[in-house]
Structures are given as C-alpha cells and as structure tokens.
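Line by line, the protein sequences are chains A and B.
Using my numbering, the first residue of the first sequence is number 1, and each one after it goes up by one.
Using my numbering, the first residue of the second sequence is number 269, and each one after it goes up by one.
In this text, a Cβ means the ideal position worked out from N, Cα and C, and glycines have one as well.
There are 2 protein chains.
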Amino acid sequence: MLINGVPGDQISIHDRGLQYGDGVFRTLRIHKGRALHWSRHYHKLQQDCTALKLPCPDAALLLDELQRLAARQPEATAKIIITRGQGARGYAPPEHPDPIRIVSLAPPPSYPADCYTQGVKLHVCDLRLGHQPRLAGIKHLNRLENVLATAEWNGAGAAEGVLLDVAGNVIEGTRSNLFMVREGELITPELSRCGVAGVQRERVMEWAATTGMPCRVGQFGLADLLAADEVFLVNSVIGLWPVRELHGRYWTRHPVSMQVREWLNAAD
Amino acid sequence: MLINGVPGDQISIHDRGLQYGDGVFRTLRIHKGRALHWSRHYHKLQQDCTALKLPCPDAALLLDELQRLAARQPEATAKIIITRGQGARGYAPPEHPDPIRIVSLAPPPSYPADCYTQGVKLHVCDLRLGHQPRLAGIKHLNRLENVLATAEWNGAGAAEGVLLDVAGNVIEGTRSNLFMVREGELITPELSRCGVAGVQRERVMEWAATTGMPCRVGQFGLADLLAADEVFLVNSVIGLWPVRELHGRYWTRHPVSMQVREWLNAAD
Chain A
1 MLINGVPGDQ
11 ISIHDRGLQY
21 GDGVFRTLRI
31 HKGRALHWSR
41 HYHKLQQDCT
51 ALKLPCPDAA
61 LLLDELQRLA
71 ARQPEATAKI
81 IITRGQGARG
91 YAPPEHPDPI
101 RIVSLAPPPS
111 YPADCYTQGV
121 KLHVCDLRLG
131 HQPRLAGIKH
141 LNRLENVLAT
151 AEWNGAGAAE
161 GVLLDVAGNV
171 IEGTRSNLFM
181 VREGELITPE
191 LSRCGVAGVQ
201 RERVMEWAAT
211 TGMPCRVGQF
221 GLADLLAADE
231 VFLVNSVIGL
241 WPVRELHGRY
251 WTRHPVSMQV
261 REWLNAAD
Chain B
269 MLINGVPGDQ
279 ISIHDRGLQY
289 GDGVFRTLRI
299 HKGRALHWSR
309 HYHKLQQDCT
319 ALKLPCPDAA
329 LLLDELQRLA
339 ARQPEATAKI
349 IITRGQGARG
359 YAPPEHPDPI
369 RIVSLAPPPS
379 YPADCYTQGV
389 KLHVCDLRLG
399 HQPRLAGIKH
409 LNRLENVLAT
419 AEWNGAGAAE
429 GVLLDVAGNV
439 IEGTRSNLFM
449 VREGELITPE
459 LSRCGVAGVQ
469 RERVMEWAAT
479 TGMPCRVGQF
489 GLADLLAADE
499 VFLVNSVIGL
509 WPVRELHGRY
519 WTRHPVSMQV
529 REWLNAAD
C-alpha cells in the first residue's frame with residue numbers, strides 16, 4: 001500500500017482520521033489491472049471531500065498510485081482513504097489542511113456462487129440509522145453505526161443486513177445500496193438524511209434511464225420491501241446480489257435483477 | 269506517547285480506529301504528576317467500551333502508563349484512545365478483538381484568564397446533532413459532527429459552540445457539557461439520544477447533591493437557555509467557564525457557577 005505515494009502501512013496517531021474519523025473513503029474493484037469505474041469513483045470522492053471541506057487529491061495522482069499497485073496485483077479490491085491529516089489539538093479543522101491519502105489493495109472478493117444465482121438472505125437490523133443531513137450520502141470514516149449493525153447479523157446465516165432509519169424508512173444495506181422492483185418500476189431509498197450513495201446505485205439508475213424503466217427515489221418501509229416483486233442490492237465489490245429471503249418472505253425469480261446485473265457487468 | 273505500553277507514535281492503517289472510528293477515548297488533566305479524577309475517567313471508559321462490546325484494558329495498566337508519561341511531564345493534558353485494533357476486512361467486528369491502547373500527553377491548557385473570571389461567549393451552531401440512542405453519551409471516535417460544528421465558530425470571537433439536536437433541544441457544547449441555573453435549580457440536558465456524558469457533568473451533579481441544590485436532567489430549548497439566571501460549561505481540560513454572552517443575551521454575575529467551580533477545583 002501507499003501513503004502519500006510512499007510504500008508503508010503506518011500512520012501518525014495524531015492523524016485526524018484516527019482521532020475523529022475526519023476523512024472519507026472509497027472501495028472499488030481492480031480487474032485486469034484496471035480500476036473499474038474510476039471516473040465515477042473519483043467524482044464521488046471529490047463530492048465527499050467538498051462536503052467536508054477537505055482538499056481532494058488530484059485524480060491523475062490517485063489513479064497512478066492505484067495502477068502502480070495493480071501492476072503487481074491485477075485482480076484486487078482497492079480502498080482509498082483521504083484524511084484531513086494532522087492539525088493542532090482539538091476538533092477545529094486546520095485552516096490549511098495537509099491531507100493524507102492511503103491507497104491499498106486487498107485480495108478480490110470470493111463470495112459463494114449461489115449469492116449470485118439463488119440470491120441472498122437479508123437480516124433486518126435492530127439498529128436504526130440516525131438523521132444527519134450534513135453527513136448523509138457521504139462515504140466518511142464515521143462508521144460505528146455500520147459496525148454495530150453488522151455485528152447483529154454477521155455469522156447468523158444472512159449475507160447482508162437491511163438498515164432502517166429512526167423514522168422506519170428502509171435506507172440501505174450495511175455495505176450496499178438497495179433497490180426494489182414493483183409493478184414494472186424500480187424504487188430505491190432517498191438518502192438525504194442518512195445512508196451512503198454509492199457508485200453502483202448511480203449506475204443502476206443509469207441502466208433504468210437507458211432501458212426506459214421508470215426509476216423512483218423515495219421513502220418506503222419494510223412492508224413495501226416485503227411486497228416487492230424483486231429486491232436486489234449492489235456495491236462495487238459485490239456487484240449485484242438478488243435477495244432470496246427477508247423476514248419470512250421468499251423470492252425465487254429475479255428477472256429484472258439479472259438484466260441489471262448483466263448490464264452492470266458489461267458496461268464500463 | 270505509548271502504544272500498548274511501547275513508546276511510538278504510529279499505528280497500522282488497518283486499525284479499525286482509523287478505518288471506521290471504531291473506538292473510544294478520554295481526555296483528562298495531569299496535575300502535579302497525577303491523573304485527576306482517574307477512577308471516574310476509568311469508570312466512563314469502561315462503560316463506553318462495554319457499550320461497544322470492546323474489551324477495556326485494565327485500570328492499573330492504563331494508570332501505570334499515564335504515570336510513566338506524567339513523571340516526565342507533571343503538568344499536561346492526557347488522552348487515552350482505545351481502538352478495536354485490526355481485524356478481517358469489513359465492518360464486522362472480530363470475535364476476539366485485540367484492542368490497541370494509545371496513551372499520550374500534550375501541554376496543559378493555557379486559556380485566557382478572563383474565560384474564567386468574566387466568562388465566555390458562546391456561538392449557536394447551525395449543525396444539529398442527529399439522534400442515535402445506541403451511541404448517545406459515549407465518547408467514541410466518530411466525531412465528525414463535532415468537527416463540522418467547531419468549524420462554524422472557531423476564530424469568530426466565541427470560545428465554544430452550543431449544539432442543539434434535530435428536535436431543537438439544547439444538548440451540549442462542542443467539547444463540553446452545559447448547565448443552566450434557573451430559580452435556584454440546576455438543569456442540564458438529557459443525553460439519551462445524542463451528546464457525550466462527561467466526567468465533570470457527573471461531578472457537578474454530585475456537587476448539587478452535596479449542597480442540596482435541586483438538579484434536574486431534562487429537555488430544554490434555546491429560549492430556556494436565554495432565560496436562565498446563569499449558564500456555565502464544564503469539561504476535564506477547561507474546568508468550568510461561566511457564560512458571558514449568547515445570542516445577544518449577556519450575563520454579568522455568576523454566583524452559582526463560581527461556587528461550583530470552587531468545589532470542582534477543591535474536591536478530588
């Protein structure tokens with residue numbers, strides 16, 4: 001891995017990423033030595049940095065660092081972390097921050113094939129996401145809600161957890177975005193008060209626009225999800241998983257999910 | 269500083285403290301080589317670790333490490349960070365975590381004397397704290413709300429920012445707990461949905477019990493705060509600051525605040 005372009009795996013304990021979770025990150029796939037959907041990931045990284053008033057490193061610099069690592073590990077999962085670096089003691093962000101960029105590669109995912117063919121079981125998490133519009137949508141380093149939610153279902157036969165918010169709206173998976181298909185319409189949760197808006201969510205919406213399938217971003221609850229014709233989840237590491245089981249409801253056919261996945265895998 | 273008892277100032281980038289803010293911390297004063305109110309701080313640390321299912325290091329071990337550092341720097345501000353350490357990739361906390369403890373000392377505070385004698389000006393932050401009962405009260409490492417709120421007022425003539433929650437309740441300062449005095453009663457915000465419950469807040473409540481002054485933990489808004497006879501804030505580094513100015517309202521007399529401070533400074 002590279003820290004500000006230099007091989008290493010240690011960071012100062014004074015870094016605001018550790019002290020306050022003051023930073024953002026992205027996770028993406030390296031395939032055949034290439035960073036998949038790089039321009040979309042960079043665009044999100046830039047938006048997230050802007051939201052936190054964090055200077056975003058140059059796209060070419062980050063891509064060069066990804067490619068240096070990918071040359072030796074052409075199939076991988078990549079993670080980019082940008083922190084606000086060090087500063088004076090206290091919460092106040094430094095006026096002229098010196099951000100740290102960490103680019104690292106891990107082995108590619110190896111999920112069971114039936115997650116893709118049969119679909120997965122979802123657990124409904126007890127933890128409810130709090131509303132914080134100033135942080136909603138951003139892939140920032142304050143992820144304790146995800147940690148606590150994942151601890152609920154991990155190892156309990158489910159492959160992902162569904163997160164609702166304090167108002168009872170379905171928001172996302174603990175590490176993925178959710179879609180449902182109902183009467184020929186695609187619907188995905190609105191993320192203005194909590195949740196993370198991922199690159200693959202954006203791509204699914206683009207698929208809908210391309211094929212002419214109506215796609216709506218809105219509020220809905222668990223009962224709506226259970227009434228859906230299909231449910232699927234996406235993220236940049238998993239790709240797309242249809243949902244097979246949720247809260248006693250079973251789905252055996254996933255025709256729209258399969259079409260979306262085919263498009264996601266083919267398009268670039 | 270000491271990391272797991274060994275001098276050093278670097279931590280692995282795989283540490284969950286950096287990756288997810290998966291950890292807790294405490295800030296306390298070292299005076300004449302002693303960690304002030306150590307047993308209270310340790311008790312809170314232990315409670316916070318329990319809430320996150322994080323094994324808490326032994327009290328004697330932490331105190332020994334604080335004292336090793338304090339021997340060379342008898343007047344200081346100490347910070348203890350406990351992270352969940354490293355684990356497999358992903359949000360799921362490891363079943364048998366290997367926590368990291370970081371004990372570090374910084375120079376003692378040097379605030380202007382008039383913060384203590386005249387009191388301070390408070391800024392009312394635009395950012396509203398979200399409700400997350402599972403994290404409320406805990407001094408955890410997910411502090412982006414505090415960072416964003418502090419960025420609002422820092423350098424703008426105020427010495428601290430007041431944080432309200434999404435429902436409009438007054439909750440705390442960005443790095444302190446708040447009290448108001450009204451008609452002979454002490455009132456401090458309820459922290460079951462957001463905020464951090466500090467050691468000095470607990471001590472002020474103990475002062476009230478000792479002196480027989482009624483002390484109530486409850487919900488109140490900005491209008492109530494402005495109608496108070498006195499307002500003051502506390503934390504373990506600052507001690508106690510009376511509030512002189514807030515939202516166009518001025519206070520010139522702080523008799524209860526001064527009594528509380530005298531007791532806080534004298535008691536141990």
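Residue i, DSSP secondary structure in three states
i         : result
His311(B) : helix
Ser525(B) : helix
Cys393(B) : strand
Val472(B) : helix
Val467(B) : helix
Tyr91(A)  : coil
Asn142(A) : coil
Val166(A) : coil
Glu183(A) : coil
Thr27(A)  : strand
Tyr111(A) : coil
Ala136(A) : coil
Counterpart residues of residue i in DSSP-defined beta bridges
i         : result
Pro7(A)   : Leu2(A)
Tyr245(B) : What is shown of chain B runs 269 to 536, which leaves residue 245(B) out entirely.
Thr456(B) : Val485(B)
Ala106(A) : Thr77(A)
Leu501(B) : Leu446(B) and Trp509(B)
Val120(A) : Val243(A)
Glu172(A) : Leu163(A)
Any non-hydrogen atom of the ligand ATP closer than 7 Å to residue i Cβ
i         : result
His399(B) : With respect to the ligand ATP, the structure shown offers nothing to examine, as it has no ligands at all.
Spatial distance of residue i from residue j (CA atoms)
i         : j         : result
Leu2(A)   : Gly8(A)   : 6 Å
Trp251(A) : Trp207(A) : 22 Å
Thr478(B) : Ser525(B) : 15 Å
Ile281(B) : Pro375(B) : 27 Å
Lys407(B) : Ala266(A) : 46 Å
Arg101(A) : Arg216(A) : 35 Å
Ala35(A)  : Gly358(B) : 20 Å
Pro482(B) : Leu494(B) : 20 Å
Thr174(A) : Gly155(A) : 14 Å
Ala344(B) : Thr83(A)  : 27 Å
Arg68(A)  : Ile348(B) : 37 Å
Gln541(B) : Asn437(B) : Residue 541(B) cannot be examined here, being either before or after the span of chain B that is shown, 269 to 536.
His399(B) : Leu129(A) : 9 Å
Val31(A)  : Gly248(A) : In the sequence on display, residue 31(A) carries His and not Val. Cα to Cα, His31(A) sits roughly 37 Å from Gly248(A).
Glu172(A) : Leu178(A) : 5 Å
Leu330(B) : Val371(B) : 8 Å
Val166(A) : Asp224(A) : 17 Å
Leu52(A)  : Ala417(B) : 11 Å
Proximal residues to residue i (C-beta, below 8 Å), its chain only, five neighbours per side dropped
i         : result
Glu152(A) : His123, Cys125, Asp126, Leu127 and Gly161
Glu230(A) : Met180, Val181, Pro242, Val243, Trp251, Arg253, His254, Pro255, Val256 and Ser257
Val24(A)  : Leu45, Asp48, Cys49, Leu52, Leu54, Ile81, Ile82, Ile138, Lys139, His140 and Leu141
Residue-level contact to chain B via CB, residue i, 8 Å cutoff
i         : result
Tyr111(A) : no
Val166(A) : yes
Gln10(A)  : yes
Tyr91(A)  : yes
Asp22(A)  : yes
Gln132(A) : yes
His123(A) : no
Ser137(A) : The amino acid occupying residue 137(A) in the given sequence is Gly; Ser does not appear at that position. So, not an interface residue.
Asn154(A) : yes
Ile238(A) : no
Gly17(A)  : yes
Ile3(A)   : yes
His140(A) : yes
Cutoff 8 Å: residue i Cβ touching any chain A Cβ
i         : result
Val415(B) : yes
Asp316(B) : no
Met481(B) : no
Leu412(B) : yes
Arg443(B) : yes
Ala298(B) : Note that residue 298(B) corresponds to Ile in the displayed sequence, not to Ala. Not an interface residue.
Ser372(B) : yes
Ile439(B) : no
Leu532(B) : no
Ile348(B) : no
Leu334(B) : no
Nonlocal neighbours in the same chain, by C-beta distance under 7 Å from residue i, ignoring five residues either side
i         : result
Gly119(A) : Trp241, Pro242, Val243, Arg244, Trp251 and His254
Ser176(A) : Glu160, Leu233, Val234, Asn235 and Ile238
Arg471(B) : Leu532
Beta-carbon proximity list for residue i, same chain, < 6 Å, skipping 5 on both sides
i         : result
Gly197(A) : Note on residue identity: the sequence assigns Ala, not Gly, to residue 197(A). Once the five neighbours on either side are set aside, the close Cβ partners of Ala197(A) are Gly137 and Leu191.
Arg134(A) : none
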